[in-house]
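Visitor: Numbering (my numbering), first residue to last: 51 to 203.
(1) By the three-class DSSP mapping on this structure, what secondary structure does residue 150 have?
(2) Among 151, 157, 144 and 199, which residue has its Cα nearest to the Cα of residue 163?
(3) Starting from the C-beta of residue 51, find all residues in its chain whose C-beta is less than 7 Å away, skip the five residues before and the five after it, and write them out in chain order.
(4) Should residue 137 go down as buried or exposed, given a rule of 16 or more other Cβ atoms within 10 Å for buried?
(5) Would you mind stating whether residue 255 and residue 140 have Cβ atoms separated by less than 8 Å?
(6) Go ahead and pull the three-state DSSP assignment for residue 106.
(7) In three-state terms, what does DSSP make of residue 116?
(8) Out of 131, 67, 101 and 71, which has the shortest C-alpha to C-alpha gap to residue 124?
(9) Considering only C-alpha positions, which residue in the set 195, 193, 128 and 116 is nearest to residue 103?
(10) If you follow the beta strand (DSSP E) that residue 137 is in, where does it begin and where does it stop?
(11) Can the beta-carbon of residue 179 be found closer than 8 Å to that of residue 186?
(12) Taking the alpha-carbon of residue 155 as reference, which of 143, 169, 77 and 69 has the nearest alpha-carbon?
(13) Grouping DSSP H, G and I as helix and E and B as strand, with all else coil, what is residue 63?
(14) Taking just the CA atoms, how far does residue 191 sit from residue 158?
(15) Checking 8 Å against the spacing of the C-beta atoms, do residue 177 and residue 166 come in under that value?
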């Protein structure tokens, strides 16, 4: 009769070891996949913002070199984590973004002067309409000789 209890105890212990080993494999694997997914999402968002910023700056330079009276409209998709956009000193397009690590800025430099249709105060021009996610139409025009105006329509 004692032998029966030992076999039952041994099988219970083996079962617990199998469950523990399964958890030891599943929990770190889940953590790694979660981190990979989060990092991939951040990389995709960074790529979208880079495409957005480079598109605006490249088009602004093209409009500037085309001459006074030139204009075009860009259709852009703004990602979710953009919380602000502005033009600094006329030559820096700045996107403020929120990430899992905190607030960050992505800056795009231009060879030409840019300004905002919504107005400027000091050396900063606000592009607050680009701070909300979704589909946007951005009009770039050169009304004068010195800078390209950027307007979200």
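Cβ coordinates follow ideal geometry from the N, Cα and C atoms, glycine included.
Guide: The relevant details are as follows:
(1) coil
(2) 199
(3) Residue placement at residue 51 is poorly supported in this model, since its pLDDT is 49, which falls under 50; the coordinates still yield a value, given next. No residues qualify anywhere along the chain.
(4) buried
(5) There is no way to answer for residue 255, as the model of the chain reaches only from 51 to 203.
(6) helix
(7) helix
(8) 101
(9) 128
(10) 132-138
(11) yes
(12) 143
(13) helix
(14) 19 Å
(15) yes
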